[in-house]
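Chemist: Take this structure, written in structure tokens, and hold onto it; I'll ask about it next.
Number of protein chains: 2
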Amino acid sequence: MESNDLKKAGLKVTLPRVKILELLENSDTRHHTAEDIYKALLESGEEVGLATVYRVLTQFEAAALVTRHHFESGQAVFELNHGSHHDHLVCVKCGRVDEFYDETIEQQQKKIAKDKGYLITDHNLILYGTCSTCS
Amino acid sequence: MESNDLKKAGLKVTLPRVKILELLENSDTRHHTAEDIYKALLESGEEVGLATVYRVLTQFEAAALVTRHHFESGQAVFELNHGSHHDHLVCVKCGRVDEFYDETIEQQQKKIAKDKGYLITDHNLILYGTCSTCS
DNA sequence: CATGTAACAATAATAGTTTTCATATAAAAT
DNA sequence: ATTTTATATGAAAACTATTATTGTTACATG
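Listed in order, the protein sequences are those of chains H and S.
All residue numbers for the first sequence refer to our numbering, where the first residue is 108 and numbers rise by one.
All residue numbers for the second sequence refer to our numbering, where the first residue is 108 and numbers rise by one.
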């Protein structure tokens, strides 16, 4: 139940928050722009402002419920967190997003950071290309 | 000489273009925002508009003279191309940018793309952390 | 069931970037 | 060298994505 996730995150249970969380959890695509969500809510008859969608998503991000990605599209993309870290493959034709996790790359990143004297806090790896159906 | 690079790129040789290219070539930092460049030009007595800086940088990008990066800062960052591909380490405290190239990671990326049925056109790997002087 | 806190929608504001438009300038043609 | 033609320019306005403000409403807690 979504309201529990909200309470655990220290967020008051309100209609916009529940609806947005529901949408994120029940959608078959994992990656959404704020505007996607806004339009979807309007279509299902909810009266929310775009600003509220942004505010709620920012709160969700702070509460580690979602992650914000900056792909090349210009718009930020939000993704419900499901524990495990992963990176992304983005199709430049249809916008499809796939995920992957590669231990070799993760290890290699740590090694590079160490060599260069950095303490890594985060990283971001995106592969752009055309997916199987678009090529 | 910069004017040759411009001609080769099919761009008319104009003062703003020459000045911007000079600045990119002679600066000791490799990564610049449009505004950085704009301010630097103003300080050295050139009368250019910010719009021109953006326009010229976009043209340079189209001509493969520079690469545009989207780090987390919100502003786009431009870098003069020097043939060889590399990825970035960004210090989240001081904004310093280091570069690296790792063959293992490159290979692994190709393998992943193949597995997922993608034809890679580009990729983007950024490690965020604190650099040696900031930690 | 009152009341202070927090969330809301709508709107205005902001940041970064792009477009428009009238003028100026570079390269081509004379 | 001068004229022509096309393209580039600066200034200002427009645009896009996002964030802040404001007055109002709803909700938890006493």
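C-beta: ideal position from N, C-alpha, C; glycine also.
Smallest Cα separation from G224/H: which of N231/S, K218/S, F207/S and T211/S?
Modeler: It is F207/S whose Cα lies nearest to the Cα of G224/H.
Chemist: In terms of residue numbering, what span does the alpha helix (DSSP H) encompassing V125/H cover?
Modeler: First-last of the alpha helix (DSSP H) with V125/H: L122 to N133.
Chemist: So with Cβ pairs under 9 Å, would you call T136/H a contact of chain S?
Modeler: Judged by the 9 Å Cβ criterion, T136/H is not in contact with chain S.
Chemist: For E186/H, does the three-state DSSP call read helix, strand or coil?
Modeler: If DSSP states are grouped into helix, strand and coil, E186/H belongs with the strands.
Chemist: Counting pairs of beta carbons, one from the stretch 136-156 of chain S and one from the stretch 168-188 of chain S, are three or more of them closer than 8 Å?
Modeler: Segments in contact, yes.
Chemist: Whole angstroms are fine: how far does the CA of K115/H sit from the CA of L172/S?
Modeler: L172/S and K115/H: Cα-Cα distance of roughly 50 Å.
Chemist: Less than 9 Å between CB atoms is the rule here; does F185/H satisfy it with respect to chain S?
Modeler: F185/H does not count as touching chain S.
Chemist: Just by C-beta distance, which residues in the stretch 225-241 of chain S are closer than 7 Å to chain H?
Modeler: Under the 7 Å Cβ criterion, the stretch 225-241 of chain S contributes Y225, L226, I227, T228, D229, H230, N231, L232, I233, L234, Y235, G236, T237, C238 and S239.
Chemist: Listed from N- to C-terminal order along the chain, which residues in the stretch 165-178 of chain S have their beta-carbon within a distance smaller than 9 Å of any beta-carbon of chain H?
Modeler: Under the 9 Å Cβ criterion, the stretch 165-178 of chain S contributes H177 and F178.
Chemist: Does DSSP put E213/H in a helix, a strand or coil?
Modeler: It is helical.
Chemist: Suppose the cutoff is 7 Å on Cβ atoms and the five residues either side in sequence are ignored; what does the same chain contact list for H230/H look like?
Modeler: Here the set comprises Q216.
Chemist: So is D112/S in contact with chain H if we call contact Cβ pairs under 9 Å?
Modeler: For D112/S, the answer is no, since every Cβ of chain H falls outside 9 Å of its Cβ.
Chemist: I212/S to L122/H, Cα distance in whole Å?
Modeler: Taking the straight line from one Cα to the other gives about 44 Å.
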